[in-house]
Amino acid sequence: MPEPVKKKRFALPREVRIILSVGALVFVFEYFVLPQFASARKSLHLLSTVNPVLVAVAVLLEMAAIYAYVELTKSVLYPYAPSRYNLLRVNLAGLAISHVVPGGTAPAGALSYRISTNSAFPRRPTPSASPSRARDRRSC
Numbered sequence: 627m628p629e630p631v632k633k634k635r636f637a638l639p640r641e642v643r644i645i646l647s648v649g650a651l652v653f654v655f656e657y658f659v660l661p662q663f664a665s666a667r668k669s670l671h672l673l674s675t676v677n678p679v680l681v682a683v684a685v686l687l688e689m690a691a692i693y694a695y696v697e698l699t700k701s702v703l704y705p706y707a708p709s710r711y712n713l714l715r716v717n718l719a720g721l722a723i724s725h726v727v728p729g730g731t732a733p734a735g736a737l738s739y740r741i742s743t744n745s746a747f748p749r750r751p752t753p754s755a756s757p758s759r760a761r762d763r764r765s766c
């Protein structure tokens with residue numbers, strides 16, 4: 627039986643790949659990064675007129691909102707909720723993903739579920755649904 631003929635893959639020489647990579651990097655820097663510096667210079671003037679007290683109040687209110695989300699998550703998962711520190715980490719990771727990745731909160735929800743079901747968070751035992759435990763509860 628004849629052996630199958632292997633197709634040769636087209637491969638660019640290493641030097642050509644380096645030249646194309648550097649050229650693409652220069653193109654992106656020239657047409658996408660440098661124009662952003664010009665608009666940032668205009669924004670610096672606007673930042674000089676900001677009231678620092680209002681910025682501090684805004685930061686404190688944002689911290690309070692994130693803490694409220696942690697407490698909400700803890701109350702929903704009661705009595706088997708992870709610690710507040712772990713819930714804070716999960717919520718902040720979900721918030722970061724939802725602001726960066728396209729798709730809104732769908733990827734953030736998936737990430738939060740993945741992190742919270744990870745073995746890094748110890749599981750507390752769930753109550754058993756055995757008949758003997760049910761009888762114990764009725765007799766109280």
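In the working numbering, the protein residues as written are 627 to 766.
Note that the Cβ used here is the ideal one computed from N, Cα and C, for glycine as well.
Check: Between R710 and I741, what straight-line distance do the alpha-carbon atoms span, to the nearest angstrom?
Finding: The count along the sequence shown starts at 1 and reaches residue 710 at position 84. The count along the sequence shown starts at 1 and reaches residue 741 at position 115. Between R710 and I741, the C-alpha separation is close to 14 angstroms.
Item checked: C-alpha gap between A707 and N744, whole angstroms -> Sequence index remark: in the sequence shown, residue 707 carries index 81 (1-based). Sequence index remark: in the sequence shown, residue 744 carries index 118 (1-based). Looking at the two C-alpha atoms, the distance is approximately 13 angstroms.
Item checked: Coarse secondary structure for D762, derived from DSSP in three states -> In the sequence shown, counting from the first residue as 1, residue 762 sits at position 136. For D762, the predicted model reports a pLDDT of 49, less than 50, meaning its position is unreliable and no value from the coordinates is stated.
Note to self: Looking only at its chain, what residues have a beta carbon closer than 6 angstroms to the beta carbon of L721, apart from the 5 residues adjacent to it on each side?
What the structure shows: Reading the sequence shown from its first residue, position 95 is the one you call residue 721. Hits under 6 angstroms: none found.
Check: Given L646, which residues of its chain have a CB within under 8 angstroms of its CB, disregarding the five upstream and five downstream residues?
Finding: Here residue 646 refers to the residue found at position 20 of the sequence shown. Result list for L646: L638, in chain order.
Note to self: How far does the alpha helix (DSSP H) with S738 in it extend, from its first residue to its last?
What the structure shows: Walking along the sequence shown from the start, residue 738 turns up at place 112. 731-742 is the span of the alpha helix (DSSP H), which, as asked, contains S738.
Margin query: For a test of the three-state rule: what should DSSP assign to V676, helix, strand or coil?
Written below: Numbered from its first residue, the sequence shown carries residue 676 at position 50. If DSSP states are grouped into helix, strand and coil, V676 belongs with coil.
Notebook entry, point to check: For N712 versus I692, is the C-beta spacing smaller than 8 angstroms?
Noted result: Taking the sequence shown and counting its residues from 1, one reaches residue 712 at position 86. Taking the sequence shown and counting its residues from 1, one reaches residue 692 at position 66. Not closer than 8 angstroms, so no.
Next item on the list: Using the Cα positions of P767 and F636, report the straight-line distance between them to the nearest angstrom.
Entry: It is not possible to answer for residue 767, since the shown part of the chain is limited to 627 through 766.
Next item on the list: Determine the direct distance from the alpha carbon of I723 to that of L698, and round the result to whole angstroms.
Entry: Sequence index remark: in the sequence shown, residue 698 carries index 72 (1-based). Sequence index remark: in the sequence shown, residue 723 carries index 97 (1-based). Near 20 angstroms, if we compare the C-alpha coordinates of I723 and L698.
Item checked: Span of the alpha helix (DSSP H), counted from its first residue to its last, around Y709 -> Along the sequence shown, one-based indexing puts residue 709 at 83. First, the amino acid is wrong: residue 709 is Ser here, not Tyr. Premise fails: S709 is in no alpha helix (DSSP H) and is neither H nor E.
Next item on the list: Let me know the secondary structure DSSP gives V727 once reduced to three states.
Entry: Indexing the sequence shown from 1 puts residue 727 at position 101. Correct three-state label for V727: coil.
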